[in-house]
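At position 240 of the sequence shown the residue is numbered 341 (the numbering used here), and the sequence of numbers has no breaks. C-beta atoms are modelled at their ideal positions from N, C-alpha and C, and glycine is treated no differently. Heads up: the structure comes next, in structure tokens.
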Amino acid sequence: MIRSLWISASGLQTQQMSIDTIGNNVSNINTTGFKRVISEFQDLDYKMTDQIGSFLPEGMGLNGGIQIGCGVGLMDTRQIFEQGSIENTGNQFDLAIEGNGFFRVKLADGSHGYTRDGSFMVDGATGRLTTTSGYYLEPPITIPDGATSISISEKGMVSAILEGESASQEIGQINLFKFTNPAGLQRMGDSLFAETVVSGDVTQNTPSADGFGTLCQGFLEMSNVNLADEMAKLLTASRAYQLNARAIKNADTMLSIANQIFRG
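Structure (structure tokens):
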């Protein structure tokens, strides 16, 4: 009965983690470039109780004993980098990546972050493209003063038409970055990811190159969270949590009865 308390407690803990993960997914359903996370569980060690082989007829008891599980634990929270839906915004500085790849931005400490959130704007002081949080796009793209129109091709070439001119001129190239194992990236908030040893090597290339996605100007990639799927998972996790709580209550009742019997 003591074991059943610990087993059920492990179930409570892991199901709570699952509910937390689902809640974070749902709360970010409208977050640009957000990638959903799934919780993965594994069973814990097993305890061998009685060796029963010698008490059974030959050919029976093939397991060699009674194995009692010790509960469940959270093995991993895996990031799912499926494509999110592409929505039209009409903003000339909004960019959606259709396919593989990330934008790279420069963080305040000089390091690099990676994002699928292409909602860019022009920094008034420098003219450079930045994220809405103020991180500069890398390699840098500077919009010249007097630009009346900006065009960004699916291959990342940025062109501008200056005031008083009719012909456009190329002003920069937006590149994409991809990783050997994007699921190994570390989340930083602000729809940013940081490279890790687990994420593997980073490769830079122009959009539309082999293995890289294309850019869609005037569009944004939305979250890849599916509300119906998340609600189904939430109901399952909530039900499992309730059953584990009931198992703890029943084990506690049985312990109380056993103590009363022992005390006479």
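For residue i, the first and last residue of its enclosing alpha helix (DSSP H)
| i | result |
| --- | --- |
| D291 | D291 -> no alpha helix (DSSP H), and no H or E assigned at all. |
| N126 | 103 to 128 |
| N345 | 328 to 364 |
Own chain residues within Cβ distance below 8 Å of residue i, not counting five before or after
| i | result |
| --- | --- |
| N96 | A query on residue 96 cannot be resolved here, the shown segment of the chain reaching from 102 to 365 and no further. |
| S155 | Confidence at S155 is low in this model, with a pLDDT of 49, below 50, so the placement of that residue is unreliable and no value is reported for it. |
| S250 | Q193, A261, I262, S269 |
| V259 | I242, I251, S252, I253, E271, I272, G273, Q274, I275 |
| V223 | F194, R229, L230, T231, I244 |
| I415 | Any property of residue 415 remains undetermined from this structure, which presents the chain solely from 102 to 365. |
| T122 | V138, I139, S140, T178 |
| W107 | C171, G172 |
| D246 | G228 |
| L328 | V127, I130 |
Beta-bridge partners of residue i, as assigned by DSSP
| i | result |
| --- | --- |
| S140 | T178 |
| K148 | I169 |
| F204 | T216 |
| M323 | DSSP output for M323 lists no bridge partner at all. |
| G273 | V259 |
| T297 | Per DSSP, none; premise fails for T297. |
| F280 | V303 |
| T227 | Looking at the DSSP assignment, T227 forms no beta bridge with any residue, so it has no partner. |
| T232 | F221 |
Same chain only: Cβ atoms within 7 Å of residue i, ignoring 5 sequence neighbours per side
| i | result |
| --- | --- |
| P283 | F182, S300 |
| R288 | F294 |
| D177 | E141 |
| Q116 | A338, A341, Y342, N345 |
| T297 | G285, L286, Q287 |
| K207 | H213, Y236, Y237, E239 |
| G112 | G172, V173, A341, N345 |
| E51 | Beyond the ends of the chain as shown, which are 102 and 365, falls residue 51; an answer cannot be given. |
| L175 | T115, M118, S140, F142 |
| A432 | Since the displayed the chain opens at 102 and closes at 365, residue 432 lies outside it and no answer follows. |
Residue i - containing beta strand (DSSP E), residue span
| i | result |
| --- | --- |
| E239 | 237 to 239 |
| A197 | 196 to 199 |
| T304 | 303 to 306 |
| Q318 | 315 to 318 |
| N189 | 187 to 189 |
Residues near residue i in its chain [Cβ-Cβ closer than 6 Å; skip 5 each side]
| i | result |
| --- | --- |
| S105 | A352 |
| E188 | L321, M323 |
| D171 | Correcting the residue identity first, residue 171 is Cys in this sequence and not Asp. L145, D146. |
| F280 | S300, G301, V303 |
| S109 | N345, A348, I349 |
| S234 | D291 |
| A197 | I187, G219, C317, F320, L321, E322 |
| K148 | I169 |
| I120 | A338 |
| L335 | I123 |
Cβ of residue i within 7 Å of any chain D Cβ
| i | result |
| --- | --- |
| E199 | Here there is only one protein chain, and chain D is not present. |
#### Entry: Sequence ranges, beta strand (DSSP E) only - wholly within the region 241 to 270, length at least 3
With a minimum length of 3 residues, the continuous beta strand (DSSP E) runs that stay inside the region 241 to 270 are 248 to 253, 258 to 263.
### Task
Could you say if the region 333 to 352 and the region 311 to 322 meet the contact criterion of at least three C-beta pairs nearer than 8 Å?
Verdict: no, contact absent.
### Query
How do the region 320 to 327 and the region 124 to 144 stand: do at least 3 beta-carbon pairs fall below 8 Å, yes or no?
Result yes; three or more Cβ-Cβ pairs closer than 8 Å.
### Query
Can you find at least 3 beta carbon pairs, one from the region 185 to 202 and one from the region 335 to 344, that sit closer than 8 Å?
Contact between the region 185 to 202 and the region 335 to 344 is absent, because fewer than three Cβ pairs lie under 8 Å.
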